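In the UniProt record's numbering, the protein residues as written are 1 to 342.
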């Protein structure tokens, strides 16, 4: 019994040409994505700075509003009542007065730009642009709310290309690495498998940057007995842009820990969001390839059978002359399906 192999191997020279062509395409895409990333990053960062000063001016100078409902409001009221019940003998030695003073400080609104105010509104602008919505910093004045509603859509549209082009750069670098590794082990070049292997590589990269961002967050708040599991939870809710608000990113805490912490956490944040977005894109691309596989195969079979019918007569004719060629047709249909899969 004779067996035939349906898998066709391309000549080595053709494989090398396809590999070099794919690498050239990805390098070209990488240069283009990097150029657009730098342009959008500078534009978005400039808008960031302008909006930080704008919201500070609105909330602290133009239309200051003391918040009436905050998580610390009830504690502040409790401290006031406890202070009134203290005797004069222990009033100077108690730690209750400094505690209450600390909780009263945020509600003393002054038109003076401090490091705390700058980073506070920087985090607020970041939560808008990346659609995180942590909820730690919000506008209390009507003017601030109106400005927020006006800038939300255009600012998100301007900010999205930053991590979209980051994801495209990650995809290009990953595809180049996958192609080189495939040729290193003498494996055939295939766009279908290249997409799948790129997806697996980016999923691994997503896990790495997710744990890296969690490790940075844990190292910043290690003195506050924060669990690493909470940092992992915060990291995933952040890079997926869910942002419940129970844990949130504070650029001031990163800056106080060290300027390198601020740069490192910002880089990991942007890199992780780009990797996450790129992974979702690859998953969607793979799903689209799988859903279109069967229709493409059926179209090939239909063209094959129609061509065979025109050349050799209808298989279902009364004299049944076409039935003698039906095994050959079935073999060609099977070969077409195998070649489409592999």
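Here a beta-carbon is modelled for each residue, glycine too, at the ideal position from N, C-alpha and C.
Values in this document were obtained by computation on a predicted structure and should not be read as measured data.
What is the DSSP secondary structure of residue i, reduced to helix, strand or coil?
i, result
"residue 246", "coil"
"residue 241", "coil"
"residue 110", "coil"
"residue 373", "It is not possible to answer for residue 373, since the shown part of the chain is limited to 1 through 342."
"residue 351", "This structure does not reach residue 351, given that the chain is present from 1 up to 342, and the question cannot be answered."
"residue 358", "The structure shown has nothing for residue 358, since the chain only spans 1 to 342."
"residue 258", "coil"
"residue 226", "coil"
"residue 40", "helix"
"residue 346", "Only positions 1 to 342 of the chain appear in this structure, which leaves residue 346 out of reach."
"residue 73", "Any reading at residue 73 must be qualified, since the residue scores a pLDDT of 48, below 50, and its modelled position is unreliable; the value itself is stated next. Here residue 73 sits in helix by DSSP."
"residue 322", "Its pLDDT being 47, under 50, residue 322 is placed unreliably by the model, and nothing is read from it."
With a CB to CB cut of under 7 Å and the five nearest residues on each side skipped, what residues in its chain are close to residue i?
i, result
"residue 230", "247"
"residue 23", "176, 179"
"residue 113", "56"
"residue 59", "139, 140, 141, 144"
"residue 131", "156, 241"
"residue 226", "218"
Identify, in the order they occur along the chain, each residue of the same chain with its Cβ nearer than 8 Å to the Cβ of residue i, setting aside the five sequence neighbours on each side.
i, result
"residue 48", "122, 125, 126, 129"
"residue 404", "With the chain running from 1 to 342 in the structure shown, residue 404 is simply not present."
"residue 119", "250, 251, 252, 255"
"residue 195", "282, 285, 286, 289"
"residue 220", "253, 254, 257, 261, 265"
"residue 237", "243, 244, 247"
"residue 270", "162, 163, 166"
"residue 152", "128"
"residue 207", "none"
Got a sec? Which residues, its chain only, sit under 6 Å from residue i by beta carbon, not counting five neighbours each side?
i, result
"residue 274", "163, 166, 167, 170"
"residue 115", "none"
"residue 25", "none"
"residue 134", "127, 243, 245, 248"
"residue 183", "19"
"residue 51", "125"
"residue 278", "167, 170, 171, 202"
"residue 63", "141, 143"
Looking at residue i and the ligand SAH, is the gap between the Cβ and the nearest heavy atom below 6 Å?
i, result
"residue 150", "For the ligand SAH, the structure offers nothing, since it holds no ligand at all."
**Prompt:** For the stretch 195 to 213 against the stretch 279 to 286, are there 3 or more C-beta pairs whose distance is under 8 Å?
**Reply:** yes
**Item:** Segment contact flag, the stretch 210 to 230 with the stretch 257 to 265, C-beta cutoff 8 Å, min 3 pairs
**Value:** yes
**Prompt:** Is it a yes or a no for the stretch 248 to 259 touching the stretch 121 to 133, going by three-plus beta-carbon pairs under 8 Å?
**Reply:** yes
**Prompt:** Do the stretch 133 to 145 and the stretch 28 to 44 touch if we need at least three Cβ pairs shorter than 8 Å?
**Reply:** no
**Request:** Could you name each continuous alpha helix (DSSP H) segment of 4 residues or more that falls completely within the stretch 114 to 175, going from the start of the chain to the end?
**Result:** 115 to 129
**Request:** Count the CB pairs spanning the stretch 235 to 245 and the stretch 155 to 169 that are closer than 8 Å, and state whether there are at least three.
**Result:** no
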